[in-house]
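Take a look at the structure below.
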Amino acid sequence: MDLPARHAGRSRRWLLARAAVVAVPVFAVNTVFGTSASALALPVVDMELVLLAAQVDPPKPDTGLTPGAAAHVLEVERALNAKGLLSAGAVDGHFGTSTVSAYAAWQRSLGYSGIDANGLPGVTSLTRLGDGRFTVTRTVSTGSRTNTYGGARVNTRTRDMLAAADAMLSWSLTLSQGSYTSTNPSSAGTHDGGGVVDISVTSLTTTQRWETVRALRTVGFAAWLRNPSQGDWPYHIHAAAVSDPDLASAAANQIHDYYFGRNGLANHAADDTPTAYRTAFTWWEKYGRG
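Heads up, the final residue of the sequence shown is numbered 289 in numbering that gives the first Met the number 0, and it's a clean run with no missing numbers.
Structure, rendered in structure tokens:
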């Protein structure tokens, strides 16, 4: 239908303005709000849950999934597969030995070695793996590796955990062995990395010993009271920080045992901690959220 001459100019201007709005690219709209379309589309990987699976899954006799972690592990495995480090058949949401090995290979490709290439995700390696594929949330960092607690070497995260447990007790924690050390062969390599300490209890009563175990577990340690009948050692508490990215493989396997109610020793027997001194499974960051 023809329009009257007085409306024609206005209609053409309206059509041009409308076409201009329709033609604005999606990325331009998103840029106005400070977010690119590609960033909006990226999945989010929860580092806390990925680390949990990386400790709990490898010793399993099957490919069972860690509740809550599988979707996050899948994104990590897809990225490792895209790098040619993990076979497609192992992309299953189970952070088993194949995924640990693939992740360690990724860490080595970034120039890491030793405990920095232990197959447990660190903030930098996980962020770089996710570049263009996923974003990382709820990061876990060890902080400095040269802190001390009671004269024993620990990382910042472990120091803060020990301080929090110590504050719950009316006596002080006395460390007999710290982290990043291989001087004690009876430790079976558990202290080679971070997050692991031994605590002297010779001056404590039986009740105090168990209350110390409970305090350590409350803040996120897998902790057990050791006795001379279990090995060539005096009474002491062995504690491994759940989800510490610097854990040696032997210590990470102890987290698996603790998760499933075992003792963290070579016999994988049931945890002998009295029920009154057990706590719900947790880790430092989760404890801090309340």
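The beta carbon of each residue, even a glycine, is placed where N, CA and C say it ideally should be.
Please list, in chain order, all residues of the same chain as F280 whose beta carbon is under 8 angstroms from its beta carbon, the five residues on each side excluded.
Position 281 of the sequence shown holds residue 280. Here the set comprises V241, Y257, Y258.
Going by C-alpha to C-alpha distance, which of K82, W170, S124, A162 sits closest to V49?
Taking the sequence shown and counting its residues from 1, the one referred to as residue 49 is at position 50. Out of K82, W170, S124, A162, S124 has the C-alpha closest to the C-alpha of V49.
Measure how close the beta-carbons of L215 and I236 come, nearest whole angstrom, since I'm counting them as under 8 angstroms.
The count along the sequence shown starts at 1 and reaches residue 215 at position 216. The count along the sequence shown starts at 1 and reaches residue 236 at position 237. Confirmed, about 7 angstroms.
With a threshold of 16 other CB atoms inside 10 Å of the CB of S185, please say whether the residue is buried or exposed.
Taking the first residue of the sequence shown as 1, we reach residue 185 at position 186. So S185 ends up on the exposed side.
Find out if the Cβ-Cβ distance for the pair H255, P58 is shorter than 8 angstroms.
For the purposes of this step, residue 255 is identified with residue 256 of the sequence shown, where counting begins at 1. For the purposes of this step, residue 58 is identified with residue 59 of the sequence shown, where counting begins at 1. Yes.
So which of V72, T147, W282 has the shortest CA-CA distance to V43?
What you label residue 43 is simply residue 44 of the sequence shown in a count that begins at 1. Nearest of V72, T147, W282 to V43, Cα basis: V72.
Less than 8 angstroms between the CB atoms is what I'm expecting for H93 and T62, so what's the real figure, rounded?
Walking along the sequence shown from the start, residue 93 turns up at place 94. Walking along the sequence shown from the start, residue 62 turns up at place 63. With a Cβ gap of about 4 angstroms, H93 and T62 count as contacting.
At which residues does the alpha helix (DSSP H) containing Y102 begin and terminate?
For the purposes of this step, residue 102 is identified with residue 103 of the sequence shown, where counting begins at 1. Per DSSP, the continuous alpha helix (DSSP H) segment holding Y102 begins and ends at 96-108.
Separation of N266 from P233, as counted between CA atoms:
Residue numbering aside, residue 233 sits at position 234 when the sequence shown is read from its first letter. Residue numbering aside, residue 266 sits at position 267 when the sequence shown is read from its first letter. Cα-Cα distance, rounded: 19 angstroms.
Output the boundary residues of the alpha helix (DSSP H) element that contains W348.
Because the chain is modelled from 0 through 289, residue 348 falls outside the range shown and cannot be assessed.
From the DSSP output, read off the bridge partner residues of Q229.
If you number the sequence shown from 1, residue 229 lands on position 230. Answer is none; Q229 lacks a bridge partner.
Close beta carbons around A251, own chain, < 6 angstroms, minus the five adjacent residues each side:
Here residue 251 corresponds to residue number 252 of the sequence shown, with the count starting at 1. Closer than 6 angstroms at the Cβ level, and outside the excluded window around A251, lie Q54.
Tell me, which residues are paired with A275 by DSSP?
Residue numbering aside, residue 275 sits at position 276 when the sequence shown is read from its first letter. The partner list for A275 (beta bridge, DSSP) is empty, contrary to what the question assumes.
Can you grab the Cα-Cα spacing for the pair T204 / Y276, in whole Å?
The count along the sequence shown starts at 1 and reaches residue 204 at position 205. The count along the sequence shown starts at 1 and reaches residue 276 at position 277. Near 15 angstroms, if we compare the C-alpha coordinates of Y276 and T204.
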